[in-house]
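Chains as they are written, first to last, in the numbering used here: chain A, 1 to 278; chain B, 279 to 719. Structure first, then comments.
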Amino acid sequence: MLTAVIALAALALLAAFGLAIAARVFAVPHNPKADEIEEVLPGANCGACALPGCAELAKRIAEVKADIDACPVGGESVAQAIAVIMGMEFEGGADREVALVLCKGSDQVAAKRFFYNGIYDCNSAALIFGGDKACTYGCLGLGTCAGVCPFGAIDMVPGGLAVVDPEKCTGCTKCVASCPKGIIRMVPASRKLHILCSSHDKGGVARKHCKVACIGCMKCVKAAPEGAITMDDFLAVVDYSFEIPAEVAAECPMNTIVVTGEAAGACEEPSAAAGGDA
Amino acid sequence: MGSGRFFGGIHPSYNKGLADSSAIVEMPLPERLVVFFAQNLGAPSQPVVKKGDEVKKGQVIAEAGGFVSTPVHAPTSGTIDSIGIYPSPVGVDAPAAVLTPDGKDEWFEGCSVERSSEGLDVGQIKEIIHDNGIVGMGGATFPTHVKLSPPAGKKMDLLVINGAECEPYLTADHRLMVEHAEGILDGAALFAAVIGVGRVVIAIEKNKPDAIEVMRKAVAGRQGFSVEAMGVIYPQGAEKQLIFALTKRKVPAGGLPMDVGVLVHNVGTALAAGEAVRYNRPLIQRVVTVTGSGIREPKNILARVGTRFEDLVKFCGGLEGDAAKCINGGPMMGVAQYSLDAAVTKGTSGLVILRQEEVAQFVSDACIRCARCLEACPMRLNPSALSIFIEKMRFEDANEYNVMDCIECGCCAYVCPSRRPMVHHFRRAKAEVRKLQRKTG
Numbered sequence: 001m002l003t004a005v006i007a008l009a010a011l012a013l014l015a016a017f018g019l020a021i022a023a024r025v026f027a028v029p030h031n032p033k034a035d036e037i038e039e040v041l042p043g044a045n046c047g048a049c050a051l052p053g054c055a056e057l058a059k060r061i062a063e064v065k066a067d068i069d070a071c072p073v074g075g076e077s078v079a080q081a082i083a084v085i086m087g088m089e090f091e092g093g094a095d096r097e098v099a100l101v102l103c104k105g106s107d108q109v110a111a112k113r114f115f116y117n118g119i120y121d122c123n124s125a126a127l128i129f130g131g132d133k134a135c136t137y138g139c140l141g142l143g144t145c146a147g148v149c150p151f152g153a154i155d156m157v158p159g160g161l162a163v164v165d166p167e168k169c170t171g172c173t174k175c176v177a178s179c180p181k182g183i184i185r186m187v188p189a190s191r192k193l194h195i196l197c198s199s200h201d202k203g204g205v206a207r208k209h210c211k212v213a214c215i216g217c218m219k220c221v222k223a224a225p226e227g228a229i230t231m232d233d234f235l236a237v238v239d240y241s242f243e244i245p246a247e248v249a250a251e252c253p254m255n256t257i258v259v260t261g262e263a264a265g266a267c268e269e270p271s272a273a274a275g276g277d278a
Numbered sequence: 279m280g281s282g283r284f285f286g287g288i289h290p291s292y293n294k295g296l297a298d299s300s301a302i303v304e305m306p307l308p309e310r311l312v313v314f315f316a317q318n319l320g321a322p323s324q325p326v327v328k329k330g331d332e333v334k335k336g337q338v339i340a341e342a343g344g345f346v347s348t349p350v351h352a353p354t355s356g357t358i359d360s361i362g363i364y365p366s367p368v369g370v371d372a373p374a375a376v377l378t379p380d381g382k383d384e385w386f387e388g389c390s391v392e393r394s395s396e397g398l399d400v401g402q403i404k405e406i407i408h409d410n411g412i413v414g415m416g417g418a419t420f421p422t423h424v425k426l427s428p429p430a431g432k433k434m435d436l437l438v439i440n441g442a443e444c445e446p447y448l449t450a451d452h453r454l455m456v457e458h459a460e461g462i463l464d465g466a467a468l469f470a471a472v473i474g475v476g477r478v479v480i481a482i483e484k485n486k487p488d489a490i491e492v493m494r495k496a497v498a499g500r501q502g503f504s505v506e507a508m509g510v511i512y513p514q515g516a517e518k519q520l521i522f523a524l525t526k527r528k529v530p531a532g533g534l535p536m537d538v539g540v541l542v543h544n545v546g547t548a549l550a551a552g553e554a555v556r557y558n559r560p561l562i563q564r565v566v567t568v569t570g571s572g573i574r575e576p577k578n579i580l581a582r583v584g585t586r587f588e589d590l591v592k593f594c595g596g597l598e599g600d601a602a603k604c605i606n607g608g609p610m611m612g613v614a615q616y617s618l619d620a621a622v623t624k625g626t627s628g629l630v631i632l633r634q635e636e637v638a639q640f641v642s643d644a645c646i647r648c649a650r651c652l653e654a655c656p657m658r659l660n661p662s663a664l665s666i667f668i669e670k671m672r673f674e675d676a677n678e679y680n681v682m683d684c685i686e687c688g689c690c691a692y693v694c695p696s697r698r699p700m701v702h703h704f705r706r707a708k709a710e711v712r713k714l715q716r717k718t719g
């Protein structure tokens, strides 16, 4: 009995001694600030900072190799918390950016060219004549962007249209890269007036394809402060460095312009769209 | 030779009887033609005409955009009405010129003039083939002059003229062989001279006995020429499968037939190239099989490039019954069209119009790992694993499993009990892998 106790105690001592030495010799220099920072980071490992995961960003910030507001997902509050850990001052950086789908043409208002019966994925659908919508610029509505969003910020509204929830969106830009039509744009979260169309078709064609398309009438261009809305190949485009008064939205004869916070994204008209089978 | 058989393949219903006995008829000029500027695989051709231009038949309207590219010619004389974006039958919307024929059908100066091919050297022949816009007419539209220009050091010993026409419904090549055997052989002799091979095999599936008979008679007097009757199995006409069946040589993954000393050309290409050299006649027309149960009178039509599908259908007496689906090419590899506004290109071998009851609308299911696709795949790929990778967007894994070697023949999708859209998956993956490769250099 006694022998066993002594033997075990001796073994334990020996192991403890070995571990103590190992801890000294193989110690990895560690910045305790990095751990603290990692705690306050979102932990989604989304890659929006262009680094492999939150731990790596925390390490960089602790080593002052990255800015305290380098996490676009965390935004101001996270930057503030990191500033406290780092003993730095956070002055409140640039405006937070959120994704915006520049299309309002759900199936109720946008015509289809043919019946698509293929893989339920926008990139696959785009391989066949660019998709089933008559408008070749419009949202295909199969939800590839919603699938890649790590934060569940994109909803597919009935009628096949992706709508970003600006509250949930963290600005990681994954959806922007996933869209085969390239119609998702990053916009400052503080701006509320948006032109939800990407069609460069001429007015008559755009109108035929979609009831809420920008027809290039330029009414909004004239109503907005100079330079705030410009024409790019038959499409009105917002310059988000300008503050545009909400009244401008009422100028749009096609109901393409929306003011978020009021009636965002989805369309109200339930009229059936014309469509043909291929 | 000839009795060989490649791995995999399927036996679909061929339905060739609808059109295989109707002789090629030339279609009168339609009211307008829609001529696509990009009509070859490789670099797109660059348009050189603008709205309002008067053109003559055979005049260049788009110049080659690089080495792997060919010019496009006006299919008749007339006025360029407009230039716009039209649905190209291969599944993209592409720029095209709308040509209103003036009815005179006048040749451009120097075109369609008989000349002797004697004394022309290899370089000159290749130049003529390029200048006349000759591309592979089996459907892939790869520029012919490029195929005839193997890199130095590649030794070739066999030319195969591909008359297999394994795609169901299509009979264009079949009729060409029956009616233009001499022209095809002249073209083949030209190819053989250019690449310096002495042996020419005309490969024809056994389901075309009349074509085999005519070709056998035609090759009788020609040194080094022979006709091989091939087994009836899809895809017998696929380049690599045809080569294996004939010679037991395996084209390496990612390689070309020239790597095993073989060159394969379609019968239509041979005919067009022969005419280009002999008459300086550009590729402005081709034989298109318009067939299927949804068309009143199935025909093999000699149509101008740019003939709208609607005009082809009208020429065949219109649609029959509840025609529901129109496919450019055959049902295995063709592309369904959403509009009859699309027009004939150099690669349009047929137009198949199917009725409602023949058009399956189905929901695809999960893969049940039955491995039928593995037995059917003539490239010995693993379509099952590939499709699962691609569903999970694992394109790098798909590349590891050689998705780039897929020939998109559709055998896997044909046998799949879960009705999985295999080829659609693979096309997507190929596009993504190419993107990845560009990114990494």
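We put the beta carbon where it would ideally sit given N, CA and C, even for glycine.
Problem set entry | According to DSSP, residues forming a beta bridge with Cys604/B | Gln615/B and Ile631/B
Problem set entry | Buried or exposed by the 16-neighbour rule on C-beta atoms within 10 Å, applied to Lys294/B | Label assigned to Lys294/B: buried.
Exercise. Using the C-alpha atoms, what's the distance from Arg559/B back to Phe386/B?
Worked result: 10 Å
Problem set entry | chain A residues whose Cβ lies nearer than 9 Å to that of His458/B | Those within 9 Å of His458/B in chain A number zero; the least Cβ separation is about 34 Å.
Problem set entry | Top-ranked residue by Cα proximity to Ile403/B, from Val630/B, Val555/B, Asp683/B and Leu652/B | Val555/B
Exercise. Which residues bound the alpha helix (DSSP H) around Lys592/B?
Worked result: Phe587 to Phe593
Exercise. For His194/A, which residues does DSSP report across the bridge?
Worked result: Answer by DSSP bridge pairing, in chain order: Val258/A.
Exercise. Ends of the alpha helix (DSSP H) at Leu57/A?
Worked result: Cys54 to Ala62
Problem set entry | 3 or more residues per run - each beta strand (DSSP E) lying fully within the region 500-530 of chain B | 503-508
For this session: Could you check what DSSP says for Gly276/A in three-state terms: helix, strand or coil?
Result: Here Gly276/A scores only 39 on pLDDT, less than 50, and its place in the model should not be relied on; the value that follows carries that caveat. Coil at Gly276/A, not helix or strand.
Exercise. Would you say Ser642/B reaches chain A, if we count a Cβ-Cβ gap shorter than 9 Å as a contact?
Worked result: Answer yes: the Cβ-Cβ gap between Ser642/B and chain A drops below 9 Å somewhere.
Exercise. Below 9 Å between beta carbons: does that hold for Ala321/B and Ser366/B?
Worked result: Their beta carbons are not under 9 Å apart, which means Ala321/B does not touch Ser366/B by this criterion.
Exercise. At a Cβ cut of 7 Å, what residues of the region 113-134 of chain A count as close to chain B, listed as they run along the chain?
Worked result: Arg113, Phe114, Asn117, Gly118, Ile119, Asn123, Ser124, Leu127, Ile128, Phe129 and Gly130
Exercise. Do Thr136/A and Asn123/A have their CB atoms nearer than 9 Å?
Worked result: no
Exercise. Just the Cα atoms here: how many angstroms apart are Arg697/B and Cys687/B?
Worked result: 15 Å
Exercise. Apart from the five residues just before and just after Gly552/B, which ones in its own chain have a Cβ nearer than 7 Å to its Cβ?
Worked result: Gly461, Asp464, Gly465 and Leu468
Exercise. What is the residue span of the beta strand (DSSP E) that Val338/B lies within?
Worked result: Per DSSP, Val338/B belongs to the beta strand (DSSP E) from Val338 to Glu341.
For this session: Could you name the residues of chain A that Val370/B contacts, counting a contact when the two beta carbons are closer than 8 Å?
Result: Phe129 and Gly130
Problem set entry | CB of Val187/A within 9 Å of CB of Glu97/A, strictly | In contact: Val187/A and Glu97/A (Cβ atoms closer than 9 Å).
Exercise. With a Cβ-Cβ cutoff of 9 Å, do Tyr364/B and Ala620/B count as a contact?
Worked result: yes
For this session: Reducing DSSP to helix, strand and coil, say where Gln563/B ends up.
Result: strand
Exercise. Looking at chain A, which residues of the region 687-699 of chain B have a Cβ within less than 8 Å of any of its Cβ atoms?
Worked result: Pro699
Exercise. Got a sec: is the Cβ-Cβ distance from Ala676/B to anything in chain A below 9 Å?
Worked result: no
Problem set entry | Supposed contact pair Ile288/B and Ala654/B - C-beta distance, whole angstroms, cut 8 Å | 6 Å
Exercise. For a contact meaning CB atoms closer than 9 Å, what does Ala709/B contact in chain A?
Worked result: Asn123 and Leu127
Exercise. Thr136/A touches chain B at which residues, Cβ-Cβ below 9 Å?
Worked result: Ile363 and Asp371
Problem set entry | Minimum Cβ-Cβ distance from Val613/B to chain A less than 9 Å | yes
Exercise. At least one CB of chain A closer than 9 Å to the CB of Arg477/B: is that the case?
Worked result: Cβ-Cβ to chain A under 9 Å: no for Arg477/B.
Exercise. In chain order, what residues of the region 617-640 of chain B put their CB closer than 9 Å to some CB of chain A?
Worked result: Ser617, Gln639 and Phe640
For this session: Taking C-beta pairs closer than 8 Å, name the residues in chain A that Arg706/B reaches, listed in chain order.
Result: Ile119, Asp121, Asn123, Ser124 and Leu127
Problem set entry | Own chain partners of Cys172/A with C-beta closer than 7 Å, once the 5 adjacent residues on each side are dropped | Closer than 7 Å at Cβ, skipping near neighbours: Cys46, Ala48, Pro72, Val73 and Pro150.
Exercise. Do the region 304-311 of chain B and the region 585-594 of chain B touch if we need at least three Cβ pairs shorter than 8 Å?
Worked result: yes
Exercise. When DSSP builds the beta bridges, which residues end up paired with Thr230/A?
Worked result: Bridge partners of Thr230/A: Val237/A.
Exercise. Mind checking Ala10/A: buried by the 16 CB within 10 Å criterion, or exposed?
Worked result: exposed
Exercise. Going by DSSP, which residues form a beta bridge with Gly295/B?
Worked result: None, per the DSSP bridge assignment.
Problem set entry | DSSP-derived helix/strand/coil call for Gly552/B | Residue state, collapsed to three classes: helix.
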